[in-house]
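Everything on this sheet refers to the single structure shown next.
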Amino acid sequence: MKISKSPWVLHYDGSSCNGCDIEVLATMTPLYDVERFGIINTGNPKHADVLLLTGGVNAQTAPVIRQLYNMMPDPKVVVACGICACDGGIFKECYNILGGADKVVPVDVYVPGCAVRPEALIEGVVKAVGILEEKKKKLKESMKAGYCTVDYSKMAIHMTADDYDPSTQYDAVLTEEALRQQAEEKIKATNKPAPKPVAPAAPAANVAPKPAQVVAATADSEKGDKA
Amino acid sequence: MTLGMFIKALIYILLAPLIGGTLAGLDRIISARMQGRQGPPLFQPFYDVFKLLNKQTTVVNSIQVLFVTGYLIMTIFTGALFFAGGDMLLVFFALSMSEVVMVMAAFSTNGPYSIMGAQRELLQMMCYEPMTLLVAIGFYYANGSFMVDDLIQAKIPAIAQIPGFFIGFVFILIIKLRKSPFDLSTSHHMHQEMVKGLTTDLSGNNLAFVEIAEWYDLVLMMGIVGMFFITANPISRLWAILACAVVFFLETLIDNLFPRVKYITMLKVTWSVILIFAGTNLLILNVLK
């Protein structure tokens, strides 16, 4: 059995014009019926696996998105639906728009479109559950090694972006190096024979080449720069 | 005797999640077909639980884990007691105990939605508890025993004597199986005012435990429905299964037909139905016997 057989979706509207939101709801209708893939639209971040974000992110919704993301249990994936969520779209130049969803949380799949087509959206979610499966494997490996590698490094990049000050409003998120150090200290402290001394490097190597999957067009240039 | 009971309980503990999960999947397919959709695969509930077991479990406080595990264990105990042929009264008391533990789990999280769900769950219990007790009493009136082992040896099916209790019980099953007009405490359909009520603050393993406990509960409820039809005659078991199927379909139909109601409506409607059907039935039995 695969974990990707039941992706539960949480949908959040960053600051969208509601066009994409209507398309997200359209996928639930008899015509598209995403429940045949086991997809349920849950309103609860603690039950969700996939975070669907629509609309560009503004200063007010940024902390909300971050909190939703932090509340979701690992493994989790984020899908940016529509061009606004991908990089800000038509609202990119607005004074209050920070940009796409990847300004606040690590985005795994970008689904462009204005508004996003339900078919594209379904394909995006299906791609996302593929990533979910990879992340589960990675999580298991890292848990065995004694620490958690899930995407925090990626997230930390956005945390230190110059858009806003993370220390005031958001939970502190540790970088992967910090996590690894913590884990090693813990292992030393407990004086347990370390399960794999080389293990920390292996999952880290897995992190690096993992690209953000793109359905059609991408908006990942900024991320590359910051990394 | 005791060995037989153990074996029956063991069979229940092993088979009930399979049957319950399949029934839950069937429920989702039937619901989808009623709405003109294709619906998920039959074994979707198993995929869901498997996924939940493989996810990270975020826990609000450690006592929550104890309560949720307690809920699962109490529910299994209740069902095992019933299918092993135990005391109906004890079955229903253990059943309310398991519900109380679940309510405690929700209260312990201190989250607004969980607490709202827990309070509503208590209201729901207030609605259906009288009926569950009355069912035990009804069986006693019909066959002169509280023991399930004796009840299934009846000469004529219990439904012949206590049809009112049956109607009342099928009615409270809507609450018990968390179906739509009365699913106040855990809104099963998306985007409602209380997110997921009781289970809002549960994730990973804990949520999976709740799902599994609900499968056990479902099988237990269907077992009680079957009890109304079972006699010493083996063919009656067929009728019992048929009755379970009809009741199960009816519950799904009701789920899809009605929107949710306020708790006060639920209280009024449920107690009226219980009073009219089960109460009248009880009176008649009292006069006749």
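Protein chains in written order, with the working numbering: chain A, 9 to 235; chain B, 1069 to 1357. C-beta: ideal position from N, C-alpha, C; glycine also.
- Looking only at A/Lys84, A/Asn78, A/Gly121, A/Pro71, the smallest Cα-Cα distance to A/Asp95 is reached by A/Gly121.
- Contact annotation: B/Ala1084 and B/Tyr1284 have beta-carbon atoms nearer than 8 Å.
- The residue among A/Met151, A/Asp21, A/Ala128, A/Glu192 with its C-alpha nearest the C-alpha of A/Gln68 is A/Asp21.
- Runs of the alpha helix (DSSP H) lying entirely within the segment 54-88 of chain A, each at least 4 residues long, are 69-79 in chain order.
- With a cutoff of 8 Å on beta-carbon distance, B/Ile1280 and B/Val1171 are scored as not near each other.
- A direct Cα-to-Cα measurement between B/Ile1292 and B/Leu1071 gives close to 23 Å.
- The shortest CA-to-CA distance from A/Asn26 to any of A/Ala123, A/Ala88, A/Glu149, A/Tyr103 is the one to A/Ala123.
- Against chain A, the beta carbon of B/Gly1138 has no neighbour under 8 Å; the closest one sits roughly 20 Å away.
- Flagged as an interface residue toward chain B: A/Glu43, by a C-beta distance shorter than 8 Å.
- A direct Cα-Cα distance of roughly 42 Å separates A/Val133 from A/Thr198.
- Among the CB atoms of chain A, none fall inside 8 Å of the CB of B/Ala1276.
- With respect to A/Leu140, A/Thr35 sits apart: the two C-beta atoms are not nearer than 8 Å.
- When DSSP states are grouped into helix, strand and coil, B/Met1215 belongs to the strand group.
- Taking all protein chains in view, the Cβ of B/Pro1108 is crowded by 16 or more other Cβ atoms within 10 Å, so the residue is classified as buried.
- With 16 or more other Cβ atoms inside 10 Å of its own Cβ, A/Thr62 counts as buried.
- Contact between B/Ala1162 and B/Thr1137 is ruled out by a C-beta separation of about 16 Å, above the 8 Å threshold.
- Counting C-beta pairs closer than 8 Å gives three or more between the segment 1210-1222 of chain B and the segment 1148-1156 of chain B, which meets the contact rule.
- Only Gly1104, Arg1105, Gln1106, Gly1107, Pro1108, Pro1109, Gln1112, Phe1114, Tyr1115, Asp1116, Phe1118, Lys1119, Asn1122, Lys1123, Gln1124 from the segment 1104-1124 of chain B bring a Cβ to less than 8 Å from some Cβ of chain A.
- Between B/Ala1100 and chain A, the shortest Cβ-Cβ separation is below 8 Å.
- In this structure, DSSP gives B/Val1263 a state outside helix and strand, which the three-state scheme calls coil.
- With its beta carbon at least 8 Å from every one in chain A, B/Ser1176 lies outside the interface.
- Look at A/Asn26: its C-beta is not under 8 Å from any C-beta on chain B.
- With fewer than 16 other Cβ atoms inside 10 Å of its own Cβ, A/Tyr103 counts as exposed.
- Taking C-beta atoms under 8 Å as the contact rule, B/Phe1316 and B/Pro1225 fail to qualify, at a distance of about 19 Å.
- Within the model, the alpha-carbon separation for A/Val86 versus B/Val1203 is close to 50 Å.
- Residues of chain A with a Cβ closer than 7 Å to the Cβ of B/Ser1271 are, in chain order, Lys54, His55, Pro81.
- Here B/Phe1233 is buried: its Cβ has 16 or more other Cβ atoms, across all protein chains shown, within 10 Å.
- Taken through DSSP and simplified to helix, strand or coil, B/Ile1230 comes out as coil.
- Taking all protein chains in view, the Cβ of B/Thr1254 is crowded by 16 or more other Cβ atoms within 10 Å, so the residue is classified as buried.
- Looking at B/Tyr1080, B/Ile1227, B/Thr1268, B/Gln1112, the one whose alpha-carbon comes closest to that of A/Pro15 is B/Gln1112.
- Spanning the alpha carbons of A/Glu31 and A/Arg125 requires a straight line of approximately 7 Å.
- By the Cβ-count criterion, B/Ser1340 is exposed, with fewer than 16 other Cβ atoms from all chains shown falling within 10 Å of its own Cβ.
- Approximately 35 Å separates the beta-carbon atoms of B/Lys1119 and A/Ile105; this is outside 8 Å, ruling out the contact.
- Interface criterion met: the Cβ of A/Ser14 is under 8 Å from a Cβ in chain B.
- If you ignore the 5 residues before and after A/Asn66, its C-beta comes within less than 6 Å of the C-beta of Ser23, Asn104, Ile105, all in its own chain and listed in chain order.
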